[in-house]
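Taking our numbering, the leading residue of the sequence shown gets 45, the next gets one more, and so forth. Glycine included, each C-beta is placed from N, C-alpha and C at the ideal position.
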Amino acid sequence: MFVSIVIPMFNEENNILKLLSEIEIALKTYNKYEIIIVDDNSIDSSYEKVEEYKINNNKVFLFKNNKNFGQSYSITKGIKNSKYDTIITLDADGQNNPKDIKKMIEIFFSDEQLELLGGIRNKRKDNIVKIISSRLANSIRSYILKDNCSDTGCSLKIFKKNTYLDFPYFDGIHRFIPALYSGYNKKTFFINVDHRERVSGKSKYGTLTRLYKGIIDLIRVMIIIRKKNQ
């Protein structure tokens with residue numbers, strides 16, 4: 045029951061060390077994990093801080109992209125470089141609470157049929173524009189793809205590695221992980237998780253950009269699922 049925790053990181057120099065410390069504390073009685081951080085060519089000191097941190101922590105592995113490829117690329121790179129068959133993803137910004145990780149591990153491994161357990165951000169701590177646009181996008185996506193997920197944007201997820209690697213890769217896949225598992229007829233389940241305010245830094249993605257790209261990706265996912273079930 046080992047897990048690989050994959051964290052994409054871009055310019056989170058003021059958040060990443062606190063997050064790593066919190067993960068270590070949250071899983072101190074579990075100990076069956078590795079942490080894989082993929083730095084998406086940060087221009088601050090994020091990479092250097094993790095590089096120094098991992099000297100005294102043999103559970104942390106660090107990779108660096110040679111240019112900014114985005115979240116989907118970084119997550120997939122981390123998964124491909126993981127040792128274990130079960131993946132946990134969360135953001136580097138600290139808004140996901142590591143205290144939820146152990147609970148999710150226990151639920152996930154209690155059901156052999158479960159392939160994905162996703163978090164639903166309870167009492168989301170974002171600005172009102174981001175919350176409203178996200179809820180609208182989630183409603184449209186869930187209605188069309190029938191994935192039963194009200195918050196696909198929550199990065200805190202645990203899932204089977206081999207199924208993920210069976211999906212055709214595209215830039216934006218990280219926003220459709222629940223839909224793809226459901227579309228491939230894999231069992232999914234969702235629970236409420238904590239969501240915290242961003243202490244430092246800012247969101248890396250604009251609302252209009254995500255809206256436009258989300259429509260294109262939605263069509264792409266519909267085609268992928270249709271081909272799978274023909």
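- The continuous stretches of alpha helix (DSSP H) do not include Gly163, which lies in the beta strand (DSSP E) extending over residues 158 to 166.
- Of the residues Asn75, Lys108, Val47, Ala70, the one whose Cα lies closest to the Cα of Ser126 is Val47.
- Three or more pairs of CB atoms, one per stretch, sit closer than 8 Å, so the stretch 224 to 236 contacts the stretch 187 to 195.
- Lys93 counts as buried, since no fewer than 16 other beta carbons sit within 10 angstroms of its beta carbon.
- Excluding its 5 nearest sequence neighbours in each direction, Lys204 has C-beta neighbours in its own chain below 6 Å: Glu159, listed in chain order.
- Look at Val50 here: in three-state DSSP terms it is strand.
- Assignment of beta-bridge partners to Leu106 by DSSP yields Ile81.
- Assigned with DSSP and collapsed to three states, Thr207 falls in helix.
- The C-beta separation of Leu200 from Leu134 comes to about 5 Å, placing the pair in contact by the 8 Å criterion.
- Between Ser116 and His218 the beta-carbon gap is near 5 Å, inside 8 Å, which marks them as a contact.
- Contact annotation, Cys198 with Gly163: C-beta distance approximately 4 Å; criterion of less than 8 Å satisfied.
- According to DSSP, Ile235 shares a beta bridge with Gly163.
- A distance below 6 Å between beta-carbons, with the five flanking residues on each side excluded, links Ser86 to the following residues of its chain, in chain order: Phe54, Asn55.
- Cβ neighbours of Asp137 within its own chain (closer than 7 Å, five residues either side excluded): Glu56, Asn59, Arg242, Gly245.
- Taken through DSSP and simplified to helix, strand or coil, Lys93 comes out as helix.
- Between Lys146 and Tyr74, the C-beta gap is smaller than 7 Å, which places the two residues in contact.
- Annotation for Leu71: Tyr77, Ile145, Lys146 place their beta carbon closer than 7 Å to its own, counting only its chain and skipping 5 residues before and after.
- Annotated three-state conformation of Thr196 is coil, per DSSP.
- Cβ-Cβ distances below 6 Å link Ile81 to Ile51, Met53, Val94, Leu106 in the same chain, with the five nearest sequence neighbours on each side left out; the list follows chain order.
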